[in-house]
Amino acid sequence: MRLINIERAKAGLSPVATNKSLRSSSRVRAQELVKLFSHTRPNGKAWHSTITIAYGSAAENIAAGQRSPERVVQAWMESPGHRKNIMNPCYSQVGVGCYNDPCQPYRFYWGQHFTGPKN
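Going by our numbering, the letters in the sequence shown line up with residues 1335 to 1453, in that order.
Spelled out as structure tokens, the structure:
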């Protein structure tokens, strides 16, 4: 989260706060990415079905293979779609999850969930 907020601060945006529920949902998604690297869950449901808190808007970033938070944030910032999620001023909360499975080809799988308040 610190790295995300550094990027947001560079653009004059408010920081996002860590949310335990979003951290949990992003960890679930990171683990699911081993089975299906997609924004659709392995059970066919939408990624946001893992989020258990009320929200007005939400976004998901996913990644695989990056061995550190610095590398995954760099990869997300270099991707227009992922960067747009990170820099969206409507989002006020974030959760990040990482799943490490040394038996899988990419080993490290990352999920990141953002939410904004209901209007």
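Backbone N, C-alpha and C fix where the C-beta goes; we use that ideal spot for every residue, glycine too.
Q. How close, in whole Å, do the beta carbons of Phe1442 and Gln1400 come, if the pair is a contact with beta carbons under 8 Å?
A. In the sequence shown, residue 1442 corresponds to position 108, counting from 1. In the sequence shown, residue 1400 corresponds to position 66, counting from 1. Their Cβ separation, rounded to whole angstroms, is 6 Å, which keeps Phe1442 and Gln1400 in contact under 8 Å.
**Q.** Reduced DSSP secondary structure (H/G/I, E/B, other) of Thr1384
**A.** Here the question's residue 1384 lines up with position 50 in the sequence shown. Thr1384 carries a helical assignment under DSSP once its states are collapsed to helix, strand and coil.
Q) Who does Ser1391 pair with in a DSSP beta bridge? A) By one-based count along the sequence shown, residue 1391 stands at place 57. For Ser1391, the pairing in a beta bridge is given by DSSP as Gly1450.
Q: Have a look at Trp1410, Cys1424 and Asn1377 and flag the residue whose alpha-carbon is nearest the alpha-carbon of Pro1349.
A: Indexing the sequence shown from 1 puts residue 1349 at position 15. Of Trp1410, Cys1424 and Asn1377, the residue nearest in Cα terms is Cys1424.
Q.
With DSSP as the reference, identify every bridge partner of Trp1444, one or two as the case may be.
A. Looking up residue 1444 in the sequence shown gives position 110. Partner residues in the beta bridge of Trp1444, as assigned by DSSP, are Ala1397 and Cys1432.
Q. Are the Cβ atoms of His1447 and Leu1356 separated by less than 7 Å?
A. Here residue 1447 corresponds to residue number 113 of the sequence shown, with the count starting at 1. Here residue 1356 corresponds to residue number 22 of the sequence shown, with the count starting at 1. Contact: yes.
Q: Would you mind stating whether Tyr1440 and Ala1364 have Cβ atoms separated by less than 7 Å?
A: To locate residue 1440, count along the sequence shown from 1; it is residue 106. To locate residue 1364, count along the sequence shown from 1; it is residue 30. No, they are not a contact pair.
Q: Grab the span of the alpha helix (DSSP H) containing Pro1403 for me, first residue to last.
A: Position 69 of the sequence shown, counted from the first residue, corresponds to residue 1403. Element bounds for Pro1403: Pro1403 to Glu1412.
**Q.** Burial state of Ile1340, where buried means 16 or more other Cβ atoms lie within 10 Å
**A.** To locate residue 1340, count along the sequence shown from 1; it is residue 6. Exposed.
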